[in-house]
């Protein structure tokens, strides 16, 4: 594992393969918790912890888990870590638990976690998987926090719950509502596309390998090849 | 086969390891979460009983409590915090009531308000304001009925007062005391039967057309068995001839004798230029006028309000020679469509029209039913018509 290689595993998740802005995964919590910076940061960190832990364990067990029970095993492992994180947050960070509500346990079904387990952790070493978890986690947190900053500052005239009085008369309340979240989401996706200047992976760059639906879907839609039955 | 067994075994082992890990973390976090939840719950309880100390949930299954009582916590200082669910205009209003060991309200907090708008006021604002202002603080079972309701949201605040009373009664019961939870009408009927030595007899409240000193109410047995005179908290039974059944009571005996002796004479309606809203006039030998008059509430003819029935409300009223109202009853009222039917029903209730007794021409308009302005106006109009008719008679305004 060269240093450059390791670094690229981490950095690609931040912008080039950002799970939210480029891979468009985890949209549900992204829209739900980004009306508050504190909540967005908390969700990002919680998801990152689950991502790192599940990636490492799944990678460690990749040669032990039979292919036929791969997905159920991943789900059990992810659900276990999510429940552990939820219990810890409930015990030690009750305010964050109240803020995230149902979206904290819903990390179980966050596409990013299962997606990275399938696409990366199931095929790479524990170390690389941990770095991938760190990179994707930072990328997810970065995406949530940047969206939350835009929505909370411009929509609620506050930052992490602290009021910004001079913005109060100019706040656009629409931005903290669900349609405002979608608008900001779309704008930031476009912005990342412009910033990466085409370096972000295009549709055809994704492989069908690892996709649970690869045997049944239309391969031409994502540039892959249909698996032989 | 081996392949399947391996899959099953692997998944089982993963589930088992995850379960053990979850159990371990739960062992650490569960007590902390529980303590935090208890602190939060105790915080809410302390809001209505600041001196409560610690609280312990009470098992209500062994007690017979008012139906509105849903939960109770006993405080270490001997008081109780009672959670009541009550219905005003809507069901599902939830309040927490703190009751001290000596039976006084220490605080109230309404957690859920399902009632909303009233006549220019909003229950969702007024009821939390009542809590914040300590509206019921210090009240006990003997004074709770006298605590004011809020005009404009009368139905809601009256229902809330009843719920607070339920909480007070519940606290007394949970503290080992006795409270008669029967319906007030049922209790009254039982007292009347006990006074008369009967069982299951129904009674009519006597329409007062006599000036009776020292008597609060008189009830007449529907089966003709006799009378019950209420003086303060005492129920005195008298037979059909007016003889006191147990011992002697001059006031009660005189009251019944007066009733029996009173002579009522019809006044010739055609002899006077009465308003069309005056339907009948009688006078007693003691100069008390008994009139049936009408007023315009929602039922005013041609009224376009929702609930208009095209009929006037009608009352029967007895007015003494000095102008004091002796009694007032609703003869006809059909104004129940507006706002869920509550106003019409409330207006028809004895609790409302009974308040006119003792008033006179100068102050009868002080009796109002908040939120039922049109109906109240109808009552006032009918009473006004009665006074006008008496004035016409006294002025000798014959045709």
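Residue numbers (this note's numbering), protein chains in the order written: chain A, 1 to 229; chain B, 1001 to 1399. In this text, a Cβ means the ideal position worked out from N, Cα and C, and glycines have one as well.
Neighbour-count burial assignment, residue i, 16 or more Cβ in a 10 Å radius
i, result
"residue 1171 of chain B", "buried"
"residue 1131 of chain B", "buried"
"residue 28 of chain A", "exposed"
"residue 1214 of chain B", "exposed"
"residue 1133 of chain B", "exposed"
"residue 1305 of chain B", "Per-residue confidence for residue 1305 of chain B stands at a pLDDT of 46, beneath the threshold of 50, marking its modelled position as unreliable; the derived number appears in the next sentence. Residue 1305 of chain B comes out exposed."
"residue 1264 of chain B", "exposed"
"residue 1067 of chain B", "exposed"
"residue 1187 of chain B", "exposed"
"residue 1139 of chain B", "buried"
"residue 170 of chain A", "exposed"
"residue 1366 of chain B", "exposed"
"residue 1061 of chain B", "exposed"
"residue 1302 of chain B", "Model confidence at residue 1302 of chain B stands at a pLDDT of 41, short of 50, so the residue's coordinates are unreliable; what they give is reported in the following sentence. Residue 1302 of chain B comes out exposed."
"residue 1338 of chain B", "At residue 1338 of chain B, the pLDDT of 46 sits below 50, so the modelled position is not reliable; the number obtained from the coordinates is stated separately. Residue 1338 of chain B comes out buried."
"residue 1316 of chain B", "buried"
"residue 129 of chain A", "buried"
"residue 1169 of chain B", "buried"
"residue 1340 of chain B", "Interpretation of residue 1340 of chain B is limited by its pLDDT of 42, a score under 50 that renders its predicted location unreliable; no figure is taken from the coordinates."
"residue 1202 of chain B", "exposed"
Coarse secondary structure for residue i, derived from DSSP in three states
i, result
"residue 62 of chain A", "coil"
"residue 67 of chain A", "helix"
"residue 1355 of chain B", "helix"
"residue 1219 of chain B", "strand"
"residue 158 of chain A", "strand"
"residue 50 of chain A", "helix"
"residue 1367 of chain B", "coil"
"residue 1225 of chain B", "coil"
"residue 1122 of chain B", "strand"
"residue 163 of chain A", "strand"
"residue 150 of chain A", "helix"
"residue 1211 of chain B", "coil"
"residue 170 of chain A", "helix"
"residue 1102 of chain B", "coil"
"residue 1362 of chain B", "coil"
"residue 1199 of chain B", "coil"
"residue 1177 of chain B", "coil"
"residue 1136 of chain B", "coil"
Span of the beta strand (DSSP E), counted from its first residue to its last, around residue i
i, result
"residue 1070 of chain B", "1069-1075"
"residue 1093 of chain B", "1093-1099"
"residue 1291 of chain B", "1289-1295"
"residue 1316 of chain B", "1313-1319"
"residue 1326 of chain B", "1325-1332"
"residue 1284 of chain B", "1278-1284"
"residue 1411 of chain B", "Since the first and last residues shown for chain B are 1001 and 1399, residue 1411 of chain B lies out of range."
"residue 1081 of chain B", "1080-1086"
Delimiting residues of the alpha helix (DSSP H) encompassing residue i
i, result
"residue 1262 of chain B", "No alpha helix (DSSP H) contains residue 1262 of chain B, which DSSP labels as neither H nor E."
"residue 1374 of chain B", "1373-1394"
"residue 74 of chain A", "70-92"
"residue 1185 of chain B", "1184-1196"
"residue 194 of chain A", "178-196"
"residue 1173 of chain B", "1154-1174"
"residue 18 of chain A", "Neither: residue 18 of chain A is in no alpha helix (DSSP H) and is coded neither H nor E."
"residue 953 of chain B", "Residue numbering for chain B in the displayed model covers 1001 to 1399; residue 953 of chain B lies beyond these limits and cannot be assessed."
"residue 33 of chain A", "27-33"
"residue 112 of chain A", "111-116"
For residue i, the residue or residues it bridges with in DSSP
i, result
"residue 122 of chain A", "DSSP output for residue 122 of chain A lists no bridge partner at all."
"residue 1109 of chain B", "B:1096"
"residue 1036 of chain B", "The partner list for residue 1036 of chain B (beta bridge, DSSP) is empty, contrary to what the question assumes."
"residue 1235 of chain B", "B:1230"
"residue 1205 of chain B", "B:1219"
"residue 1244 of chain B", "B:1238"
heavy atom of the ligand GTP below 7 Å from residue i C-beta
i, result
"residue 1177 of chain B", "The ligand content of the structure shown is nil, which means the ligand GTP is not present either."
| said: Between the region 49-56 of chain A and the region 110-128 of chain A, can you find at least three pairs of beta-carbon atoms closer than 8 Å? | reply: Counting Cβ pairs under 8 Å, three or more are found: they touch.
| message | Under 8 Å, with one C-beta from each stretch per pair, do the region 134-146 of chain A and the region 62-77 of chain A reach the 3-pair mark? | response | Contact fails: fewer than three Cβ-Cβ distances are below 8 Å.
| said: Quick check: the region 1270-1279 of chain B against the region 1221-1239 of chain B, are at least 3 beta-carbon pairs closer than 8 Å? | reply: Result no; under three Cβ-Cβ pairs closer than 8 Å.
| field | At least 3 beta-carbon pairs within less than 8 Å: the region 1079-1093 of chain B vs the region 1195-1203 of chain B | value | No: fewer than three Cβ pairs fall under 8 Å.
| said: Would you call the region 1162-1179 of chain B in contact with the region 1089-1099 of chain B, where contact means no fewer than 3 C-beta pairs closer than 8 Å? | reply: Short answer: they touch.
| request: Determine, using beta-carbon pairs with one atom in the region 97-108 of chain A and one in the region 8-15 of chain A, whether at least three such pairs fall under 8 Å. | output: No, they do not touch.
| Touching by the beta-carbon criterion (3+ pairs, under 8 Å), the region 34-45 of chain A and the region 85-101 of chain A | Because the criterion of three Cβ pairs below 8 Å is met, the region 34-45 of chain A and the region 85-101 of chain A touch.
| Meets three-Cβ-pair contact criterion under 8 Å: the region 1120-1129 of chain B and the region 1147-1157 of chain B | Counting Cβ pairs under 8 Å, three or more are found: they touch.
| said: Can you confirm whether the region 1276-1291 of chain B touches the region 1236-1249 of chain B when touching is taken to mean that 3 or more C-beta pairs between the two stretches lie within less than 8 Å? | reply: By the Cβ test, the region 1236-1249 of chain B is not in contact with the region 1276-1291 of chain B, since fewer than three Cβ pairs between them sit closer than 8 Å.
| message | Measuring CB atoms only, is the region 1382-1389 of chain B touching the region 1313-1331 of chain B, in the sense that at least three cross pairs come out at less than 8 Å? | response | A contact exists between the region 1382-1389 of chain B and the region 1313-1331 of chain B.
| query | Would you say the region 1352-1362 of chain B touches the region 1287-1296 of chain B, given that touching needs at least three Cβ pairs under 8 Å? | reply | Too few Cβ pairs lie closer than 8 Å, so no.
| request: For the region 1029-1044 of chain B and the region 83-92 of chain A, state whether three or more C-beta atom pairs, one from each stretch, are separated by less than 8 Å. | output: Taking 8 Å as the limit for Cβ pairs, the verdict is that the region 83-92 of chain A does touch the region 1029-1044 of chain B.
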